[in-house]
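The structure under discussion appears below in the form of structure tokens.
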Amino acid sequence: MRYVVNSEQMRAIDQYSIEQVGIPAMVLMEKSALSVASVMMEKVSRSDRILAVCGTGNNGGDGIASARILKEEGFQVEVLIIGDEKRATEQTKNQLRIARNLGVSILNTAKVSEYNVIIDAIFGIGIKKTVAGAFEAVINSINEANNTVFSVDVPSGINSNDGKIMNVAVKADYTITFGYHKFGTILYPGCEYAGKIIVADIGFPKNYHKKFPLSTFIFESEDISLLPERRNYSNKGSFGRVLIIAGSRNMSGACYLSAKSAYRSGAGLVKVLTVKDNRNIMQTLLPEALLATYDPLNLKNKMEMDRIVSEIKWATTVVIGPGIGIMNSSECLLDIVLNHTDVPVLIDADGLTMLSGKEKYIKKVSEENKDFEINLPDNVIITPHLKEMERLTNLPVEQISEQIVDIAKTITKNKSFVLALKDARTVVTNGEQTYINISGNNGMATGGSGDVLTGIIAAFLAQGMEKFVATALGVYVHGLAADYAVKGKSTYALMASDIAEALPYILLNK
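Mapping to this note's numbering: the sequence shown position 386 is 375, numbers consecutive.
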């Protein structure tokens, strides 16, 4: 797990390290520069022509120091200063003085195309204004040239808080960032400019996130270890019972994919509750699954309702929504689940569309100002994509996409349910902790992919994982499976069933 910070948090960490811990600012800058130089020395040769394009802030100081270290190691490197050197920060002025003393060429003009390696150190994490003038021109020249680009901390022109492009931004091959990931290089579109991100340890105090809690993080491969241990002395009941209420007439695929993925993710027993029309196809496609059926025209009957309640009471996790359709019978099933379930309930797909019309849970405070409040039971997990979130909140998709982290946090603040807001960067939050997913690929934009995710999360919940961790890890594993499944084939060809089939390989070393 690695924490993700915004510019304000990063400045606070920097200030704490300097003022409270006592690490000199120049020491942090030197370690930053050593990190950049170390990465570059593994990837460039002494025959390469390197140009460090530096601004006058501390990010520029990092770049100047990196160039000086490379020069001392025998690399061909020059420094181009963009901006008024007289207005440089004190640390950057110091780095310029040291560099000149050691014979580093400091230029005021240069032709970027004459170099084949660029160090981008124009702006740091604090950029707020639109990039224009000489800065815009040099960034465009970097992007137009055929060279390898190493960005210092964040690619210049990216807003480090939200990933927005401030008119133009450097397209890096590598970004060496310091201490923590930045929101701007994790979220779109900024992440598309960052290239390979390398997080360098430059000596920030290890206990900072305990003293001043950070709440947003990403997972890494070793975090698969968070999955519960499977005891040798066990049986199928030891690993949970998932009830999937899904499917409708001529819509059996969703319940099949969810049920198969739940089994592939370790659930001990999976039962599908669906319309009777789906009996034969489900028993053929997935004989391992238990099956119960209902008559959509008979749900108001007390005996039928009692039977469904008993199925719900059997489960340790309940899923409702995939392929269930928008109809009176589905509305009735959702009401039964919400009113009779104490175990974790995952609501997805058609279940979310029906939920959006229930004023008991989705309260539209002001239609004019698009104010809303979501009040769901503590045991609920919802997994909307952007269009489903639009229906739930009445906010436009464009706004949700641009403010995905902030909106997700606002919706869940002071609540107890879990939200997984699905997009190219899915955000999972319970209002206190927030996970941003970076696994996966564009091949996942295919029918049934969300049903696979539903089954994975349900299996993790059924095995006793806390609902926020189960949801976050489910999203991560889902993306890893898609990354595995796409090997040897194009993302054009990826199918949801391929993702489900890849799950055993992702969980192989657990």
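Heads up, the beta-carbon is just placed ideally off N, CA and C, and yes, glycines get one too. Predicted, not measured: the structure shown is a model, and the values here were computed from it.
- Looking at the backbone, the Cα of residue 297 and that of residue 238 are separated by about 18 Å.
- Nearest C-alpha to residue 426 among 393, 453, -4, 314: 393.
- When secondary structure is reduced to three states using DSSP, residue 337 falls in the coil class, being assigned neither helix nor strand.
- With three or more CB-CB distances shorter than 8 Å, the segment 101 to 110 counts as touching the segment 35 to 44.
- Between the C-alpha atoms of residue 44 and residue 70 there is a straight-line separation of about 6 Å.
- The three-state reading of DSSP puts residue 474 in helix, counting H, G and I together.
- The Cβ neighbour count for residue 247, taken over all protein chains shown within 10 Å, is at least 16; the residue is labelled buried.
- Residue 33 and residue 165 have their C-alpha atoms spaced approximately 15 Å apart.
- Beta-bridge analysis with DSSP links residue 189 to 167.
- Across the set 201, 304, 454, 268, the C-alpha of 268 shows the shortest separation from the C-alpha of residue 284.
- Under DSSP, residue 43 forms a beta bridge with 70, 110.
- Going by DSSP, residue 8 is part of no beta strand (DSSP E) at all; its letter is neither H nor E.
- In the DSSP assignment, residue 128 is bridged to no other residue.
- In the displayed model, residue 260 falls within a strand according to three-state DSSP.
- Here residue 139 is buried, its C-beta having at least 16 other C-beta atoms within 10 Å.
- Judged by their CB atoms, residue 428 and residue 469 are nearer to each other than the 8 Å cut-off.
- Fully contained in the segment 224 to 303 are the following alpha helix (DSSP H) runs of length 4 or more, in chain order: 242 to 253, 268 to 274, 291 to 303.
- If only complete runs of 4 or more residues are kept, the segment 408 to 488 shows the alpha helix (DSSP H) at 438 to 451, 456 to 474, in order along the chain.
- Assigned with DSSP and collapsed to three states, residue 65 falls in strand.
- In this structure, the CA atom of residue 330 is about 24 Å from the CA atom of residue 216.
- Note on geometry: alpha-carbon atoms of residue 124 and residue 50 lie some 17 Å from one another.
- Counting along the chain, residue 360 sits inside the beta strand (DSSP E) bounded by residues 360 to 363.
- Setting aside the 5 residues that flank it on each side, residue 389 is surrounded in the same chain by 375, 378, 379, 396, each with a C-beta closer than 7 Å to its C-beta; the list follows chain order.
- Looking at the DSSP output, residue 139 bridges to 108, 163.
- Residue environment: residue 201 is assigned as exposed (fewer than 16 neighbouring CB atoms within 10 Å of its CB, all protein chains considered).
- Judged by DSSP in its simplified three-state form, residue 216 adopts coil rather than helix or strand.
- With fewer than 16 other Cβ atoms from the protein chains shown falling within 10 Å of its own Cβ, residue 399 counts as exposed.
- By the Cβ-count criterion, residue 367 is exposed, with fewer than 16 other Cβ atoms from all chains shown falling within 10 Å of its own Cβ.
- Secondary structure of residue 75 (DSSP, three-state): helix.
- A straight-line Cα-Cα distance of about 47 Å links residue 361 and residue 22.
- For residue 206, the secondary structure class from DSSP, reduced to helix, strand or coil, is strand.
- DSSP, reduced to helix, strand and coil, places residue 35 outside both helices and strands of the structure shown, so it counts as coil.
- Taking a C-beta distance under 8 Å as the contact criterion, residue 142 and residue 48 qualify as a contact pair.
- The DSSP-derived three-state label of residue 94 is strand.
- In the structure shown, residue 347 adopts coil according to DSSP, grouped into three states.
- Membership of residue 401 in the alpha helix (DSSP H) is indicated by the continuous run 393 to 401.
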